[in-house]
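Heads up: the structure comes next, in structure tokens.
4 protein chains.
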Amino acid sequence: MSESIDPVSADVETLGEPKVDSPLPFQHFVPHQKKVTMEIPQELHQKEGEEPEFYTFEESGPKESIYFDPSKTKCAIVTCGGLCPGINDVIRAIVMEAYYQYGVSSILGIRFGLQGFIPKYKHEVWELTPASVSNIHEFGGTVLGSSRGHQSSEEIVEALERLNVNVLFLVGGDGSMKAAAAVAQEVRRRNMKISVMGIPKTIDNDIPFISRSFGFDTAVSKAIEAIRCAHTEATGAYHGIGMVKLMGRESGFIAAEASLSLKEVNFVLIPEEPFELEGDYGFLNRLRERLVSRGHAVIVVAEGSGQDLCAKELGTEREQVTDASGNPVLGDICELLQDKIKGYFKSRNMDLTLKFIDPSYIIRSVPANSSDRVYCGFLGQNAVHAAMAGKTNMVVSKLQDRYVDLPLDLVTQRERRKLDITSNYWRAVLESTGQPHSLRNS
Amino acid sequence: MSESIDPVSADVETLGEPKVDSPLPFQHFVPHQKKVTMEIPQELHQKEGEEPEFYTFEESGPKESIYFDPSKTKCAIVTCGGLCPGINDVIRAIVMEAYYQYGVSSILGIRFGLQGFIPKYKHEVWELTPASVSNIHEFGGTVLGSSRGHQSSEEIVEALERLNVNVLFLVGGDGSMKAAAAVAQEVRRRNMKISVMGIPKTIDNDIPFISRSFGFDTAVSKAIEAIRCAHTEATGAYHGIGMVKLMGRESGFIAAEASLSLKEVNFVLIPEEPFELEGDYGFLNRLRERLVSRGHAVIVVAEGSGQDLCAKELGTEREQVTDASGNPVLGDICELLQDKIKGYFKSRNMDLTLKFIDPSYIIRSVPANSSDRVYCGFLGQNAVHAAMAGKTNMVVSKLQDRYVDLPLDLVTQRERRKLDITSNYWRAVLESTGQPHSLRNS
Amino acid sequence: MSESIDPVSADVETLGEPKVDSPLPFQHFVPHQKKVTMEIPQELHQKEGEEPEFYTFEESGPKESIYFDPSKTKCAIVTCGGLCPGINDVIRAIVMEAYYQYGVSSILGIRFGLQGFIPKYKHEVWELTPASVSNIHEFGGTVLGSSRGHQSSEEIVEALERLNVNVLFLVGGDGSMKAAAAVAQEVRRRNMKISVMGIPKTIDNDIPFISRSFGFDTAVSKAIEAIRCAHTEATGAYHGIGMVKLMGRESGFIAAEASLSLKEVNFVLIPEEPFELEGDYGFLNRLRERLVSRGHAVIVVAEGSGQDLCAKELGTEREQVTDASGNPVLGDICELLQDKIKGYFKSRNMDLTLKFIDPSYIIRSVPANSSDRVYCGFLGQNAVHAAMAGKTNMVVSKLQDRYVDLPLDLVTQRERRKLDITSNYWRAVLESTGQPHSLRNS
Amino acid sequence: MSESIDPVSADVETLGEPKVDSPLPFQHFVPHQKKVTMEIPQELHQKEGEEPEFYTFEESGPKESIYFDPSKTKCAIVTCGGLCPGINDVIRAIVMEAYYQYGVSSILGIRFGLQGFIPKYKHEVWELTPASVSNIHEFGGTVLGSSRGHQSSEEIVEALERLNVNVLFLVGGDGSMKAAAAVAQEVRRRNMKISVMGIPKTIDNDIPFISRSFGFDTAVSKAIEAIRCAHTEATGAYHGIGMVKLMGRESGFIAAEASLSLKEVNFVLIPEEPFELEGDYGFLNRLRERLVSRGHAVIVVAEGSGQDLCAKELGTEREQVTDASGNPVLGDICELLQDKIKGYFKSRNMDLTLKFIDPSYIIRSVPANSSDRVYCGFLGQNAVHAAMAGKTNMVVSKLQDRYVDLPLDLVTQRERRKLDITSNYWRAVLESTGQPHSLRNS
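Protein chains in written order, with the working numbering: chain D, 1 to 442; chain P, 1001 to 1442; chain Y, 2001 to 2442; chain S, 3001 to 3442.
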């Protein structure tokens, strides 16, 4: 059977022709033109329409000829936004690869996110060496520190120029990837030759064209520890309810995955699937049914779920509030749920013991687990390979089990990924929890 | 050197003379009169005065002649109050010992605490067997369920009579031990021959004559995971503060022990050591100094600390509020601290990133670690030995590394244990944190 | 850009036309003809030639019309070969899916592998229910028990007939998948309508068309605990060497992945990359250089590496020895290495402390970690979906992040997967360890 | 009741009168004469006779007046013998206490055990600072390195003199404590004023007057992971046997404690309780009975058990072999057991699957768990307090939950602790395993 496909070609920008011989002692380089073709489901590419599409990506890896002369190359690493397991692994991998394999002359560590470029903050700049990073992967967080919020891309590029930086590695979330794109644009505008490499970070797993963001696996493994405790508390009391709040502002990936992993969850509430509280098919009655039939219930709530209910309850003015990164401050759905549950059962004279657990930073501040460590190692190495080859304005990605280089705009100019509630994945979650396919009355 | 001491003799009540041969195949029994003498520091005996005292206790263990005929003996187990790691281990040990070693005819599991004895709640009663408990120690919580609150000791004894129970094992906290004493008294009043065995449970480690309550070690090991995350968050931001709330209503043992274990804590606030917020020597200024000199800070707060500050802030009327067990509802010191810290630094134009972690039930709902497992095994076994020997109105205890049988009133009629802030132990905590010896201005 | 590809169509055998309405309450079924196209690298498809190829696979998931009438369907599960993390998860998922979602009438658990079908062994057959499997995923191993070795497919099919089994789920390794194919063939020969579903299990990760076998991730995470200890021992002594033996008879995936995860490994020896002991470029001299320059060394050895050296050392007659499953008994490369290392350093008068760790079953007997749990859940569910739809003679697979149904012969008639030593993956391992690209003199 | 006791007074040697004011900011010092009286069971004091005895010990802790002027005091730390969880914690605690609390001028780290004092080895000497030790407790082993074997106490004292060391902290086992005593004697002979502080280390928990040696708790918690795997393997096969070898040359504490913790062990073999293989009451027949009745068995073997059987099997000449520390090389009881078991069952035509696990260094090379961390912190601090107060020729100990200073000869001149097989403790082990009280025919 022969099939004709028409793949979208996702090519990466380069600074110029690679003319330097790679110093890597390895013989099996990845040809510059090496591409891989993939069928990408809608959930990952986030374009209109429900169908998968074919894309052709540049394969990550070391190139035989490179753009930068390592002995004259200076790198900088900056980490932005909230913590996520594995950031230190990425930093370590970049330093080790750049230093030991390519022999670059210097690697700077920018402190406290993009603030570190801005003179008024007076943060120091660190020189990173193999010795200084050799053990950092044993610890969570980022040794460089981080910060939230926008900084001027002009000032950032001026700092890069002042520091003689040729390659900027930027580890950060959605907003930071947009900042990376702005920096790349400013670099281009000034006709400079600085490679801008994004390493996308999101504990919510909501970045398009990335099958699973780094740290997600670790976060889920910690989340289930909290859920297990909630289950213990729920079964330890008559009509016991254990409620766990998990990260997930606009997508419920952590909540869903944790529920698939720990089979004791009975309700998962996620932003992608609105629900009602009242009515026969609403959440409260379903919860009552569960308690009556089984005596206890475990509820996992993604922090961004039920925002319509919060807004209705609290009025709409708080909608406007945003945090330092410009993200809207979410309504506290768990507080609302606890109030409503208690009121509902009290009005029915039913006893109830409700235990609420908010593991919060516990699931994002831990060191990466072994698979995230391997993953972060590849992200760091591939970022160095791509940068040394002169690629820029891109991010490294693991997509359907393969490492590819992606143009930055693929990541920044599409919607955030959301969990597809028509997918086998979400169906499996529903089967695991046993909750109804809808918690709405119509 | 000869020394004359005058030990307090802590003898345990018995139901009558032991005339039945023990069915245990073992040859090395503990003589009925076997006692151990110990010098008990004030912190443990909780009597007036600061000096240690000598006590003589009955040593735990199997007796050659016992009081109950196992083939006619029926036991019941009930678990009360909040969860604590190791309850299932105690249940399992009681069942295994009673069933396999003594061959008792039946062991009942009373569901949902003392409620399980009261007809109106209609909780079922379980028959516990080796098969039904063989794996329960792999899970946290209590398979029997628990509840809080007072129940009539008359109704409880009537239930024991109705169920033909000869031995009641009661796992519970301070209030439950008082309930056990009331049950024992009611049994005596009715001239019945029921042994009442307390297995004291407190995650706060605040029971006198118990060096370390079961589950405490496990709880501390979980608490440090939360603190480690707080440290990661604190170091991951400019002027980062990580604050962790830990259990400890009237005593700061978990907070103190966790800080000794994880060296990254900079301030520990406990109920036993009041502190001030304002002033040069107050907490806020000390925190500021720490941030200025080291850039970040980790604060561990026992939930019961600073209650005078909460009362002052919130007025006194809420003092009256108590929960189902009759414990006063605590003021939210962590909320107060967060408000005050943010206000203090804002008024000084200092940037700040404060991350608050409340691990709450996560540290009490986990399965027991290996040392608590061994400990709980001995508690359960020794409770069975003592009960079969006809002892009653007592608790089992591990005291200075030895298992002893204690009269119930030793535990119920003294003050709760508090951390001795003049001790080497607290001094070691202060050295570990580096915090000033006082956070008060006078 | 338009591209014409000529994918291999990997279609799955079916028992007949699906005419029964699925009982699943879900609306989003996977159409029977739904296929996904993938570019498969040589390492995964294991065909001659080094190039990737395109394949079209049937997507896993529930079908709207199914073949078997659930109320009349009886299933059987059997687990074969060595243990692997996640087997219990697969069993649990099959039972829960078949019972709760499809409502099949009965699910049998065959005990101790294929022996369980053979009358002479007299193993009982279990009835599996949701209650009996609800907690098994918390434990490693297989509740059904397992065994190695060949059994007659005629006898197996006779047992299936005797037990009225319509669907056989067989969890097992390479040999067991061949047994599954033989059973399917025998079923076909007899014109019976029994679905044979393979769930491929291999801790060595060496099955073609499966990106990562279930349990592999967990095994690696345990392996690194052993390696970390070896590193501690190595650094704790002058000229300290820590050597760890890991699974991997013909492929070094666990050894390689563990070394990528734990950065402290200095030498990885795998079956795919032969090495020499003597000579300037041989292992012993490289090890000496490492000790002289850094003072210690950590060596990870896949059990199947260096078999040519073992054969040479021990003569060739032992080549013939095979175990119950027909696998050749490997030469003990770690013993050989220890002898050679000690002799080499002794002859050079160099002090040495060599600590050898063989974690053996510790890395395969543990419960699945959270990501393997999710994975195994999908494998079990998808096996049930496929079987109920009438598919047979197939295996479920996760391939490049998607779940697909594969014809059994894809898995059984290709070579076992081997690590591609010309790949970026192996290069990354070499970079991580810092070992030379070859330990051979020519 | 008044009781007259005649306690043994265990006084510690001092270098001279303490005349320097302690720099500690703390007000609650421990008076120089502060003693605690304890009733010590025979198992702990290891004197002839089975009865407990009373002892009076000096309480550990900071003294108001001290002997050494901190600003002129130089310390040295050396770690000897095999690894044990918590050594780094002890090192860290000594450095932090000496540096931050006392302000000593310098702390040297001697590398690779006593070898580090001997010029011919040419090991460097490290300067230890708070910065260099701040994270070491997160890692197992010893940062200083260790070695086995005897070194001349004259050479050691000469090195101390050459390095101007006033206080030597020696972390080590039985042999090292004897070396410490020899060093203290040589110091006295030369009329020098050097404090010699022992911190006893033994993973076997076999040191008299120490209730539980540091690291033991951690080791047990790791040992049970191996046993759990053995249990999984045993239940995963027909007539499955899981055998685990644990440390314990002359005492079975780890094996016994691990079996108390993990309830799945069916036979524990320890050095203190000899056993026979053959005969109705011998091990092999008991094992057969267990397999017949329950289908599987888990056996935990302390490495030093059954040495009489090994000697008989192998002849006596190997008795003479000793390792670098002078300890006799043990016969391989596990190999013997495996051979005998296989032969026994083969001769009875019984199928058998035997899986052997030797976790070896995995249980001793891990970082200390939270309770060992706290413990090691106190040991280090108390060693510094005692040394600064001018005490010498002593060890720090935790005995029946209190920290006391012990004369070195209490520890070095008594027998190694053995598990008392007439104790409640061993009885509890037997009850937990269900094994017969004796595996001997007479």
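Built from N, CA and C at the ideal position, the CB exists for glycine as well.
In the structure shown, residue 3402 (chain S) falls within a strand segment according to DSSP collapsed to helix, strand and coil. Here the alpha carbon of residue 2120 (chain Y) sits roughly 14 Å from the alpha carbon of residue 2113 (chain Y). In the displayed model, residue 2021 (chain Y) falls within a strand according to three-state DSSP. Here residue 2411 (chain Y) is near residue 2177 (chain Y), since their CB atoms are less than 9 Å apart. In this structure, the alpha-carbon of residue 2329 (chain Y) lies about 22 Å from that of residue 2277 (chain Y). DSSP places residue 2146 (chain Y) in the strand class (E or B) of the three-state scheme. In the DSSP assignment, residue 431 (chain D) falls within the alpha helix (DSSP H) that extends over 424-433.
When only Cα atoms are considered, residue 1190 (chain P) and residue 1183 (chain P) end up about 11 Å apart.
Annotation note: the segment 3072-3153 of chain S contains the following uninterrupted alpha helix (DSSP H) runs of length 4 or greater, listed N- to C-terminal: 3087-3096, 3130-3133. By alpha-carbon distance to residue 2436 (chain Y), the top candidate from Y:2304, Y:2268, Y:2372, Y:2116 is Y:2268.
Within the same chain, 2173, 2213 come within 6 Å of residue 2202 (chain Y) by CB-CB distance, once the 5 residues on both sides are set aside. Annotation: the continuous alpha helix (DSSP H) that includes residue 3254 (chain S) extends over 3253-3261. Residues are counted here when their Cβ sits less than 9 Å from a Cβ of chain S; for the segment 120-151 of chain D these are 135, 138, 139, given in chain order. Membership of residue 3231 (chain S) in the alpha helix (DSSP H) is indicated by the continuous run 3216-3235. Using beta-carbon distances, residue 3360 (chain S) counts as an interface residue toward chain Y, with a partner under 9 Å. Contact between residue 1104 (chain P) and residue 1073 (chain P) holds: their C-beta atoms lie close to 5 Å from each other, under 8 Å. Nearest in C-alpha terms to residue 1064 (chain P), of all of P:1238, P:1220, P:1034, P:1021, is P:1021.
Positions of the beta strand (DSSP E) runs, each at least 3 residues long and wholly inside the segment 2274-2322 of chain Y, are given as 2296-2302 in order along the chain. Contact check between the segment 2091-2109 of chain Y and the segment 2050-2061 of chain Y: fewer than three CB pairs, one atom from each, fall below 8 Å, which does not count as touching.
The criterion of a C-beta distance shorter than 9 Å is satisfied by residue 3261 (chain S) and residue 3221 (chain S). Excluding the 5 residues flanking it on each side, residue 251 (chain D) has same chain C-beta neighbours closer than 8 Å at 204, 205, 206, 270, 271, 272, 302, 304, 416, 417, 418, 419, in chain order. Taking 9 Å as the cut-off, the beta carbon of residue 3345 (chain S) is found closer than this to the beta carbon of residue 3239 (chain S). Using a CB distance cut-off of 9 Å, residue 2350 (chain Y) does not count as an interface residue toward chain D. Scanning its chain for C-beta atoms nearer than 8 Å, with the 5 sequence neighbours on each side dropped, one finds around residue 69 (chain D) the residues 20, in chain order. A buried status is given to residue 259 (chain D), since no fewer than 16 other beta-carbon atoms sit within 10 Å of its beta-carbon.
For residue 1172 (chain P), the enclosing beta strand (DSSP E) has its first and last residue at 1167-1172. With respect to chain S, the C-beta atom of residue 1037 (chain P) has a partner C-beta closer than 9 Å.
Below the 7 Å Cβ cutoff, chain D contributes no neighbours of residue 1221 (chain P), its closest Cβ being approximately 13 Å away. Secondary-structure assignment with DSSP links residue 3328 (chain S) through a beta bridge to S:3322. Put simply, the segment 2349-2366 of chain Y touches the segment 3357-3367 of chain S. At least three CB pairs are less than 8 Å apart.
Around the beta-carbon of residue 365 (chain D), 16 or more other beta-carbon atoms lie within 10 Å, marking it buried.
If you ignore the 5 residues before and after residue 2164 (chain Y), its C-beta comes within less than 7 Å of the C-beta of 2074, all in its own chain and listed in chain order. In this structure residue 1232 (chain P) does not touch residue 1146 (chain P) by the C-beta definition: roughly 34 Å separates them, more than the 8 Å allowed. Shortest Cα-Cα distance from residue 377 (chain D) to any of D:81, D:3, D:91, D:5 involves D:91.
Per DSSP, residue 3354 (chain S) is one residue of the beta strand (DSSP E) stretching across 3353-3357. In chain order, 3167, 3195, 3197 place their CB closer than 6 Å to the CB of residue 3387 (chain S), counting only its own chain and leaving out the 5 sequence neighbours on each side.
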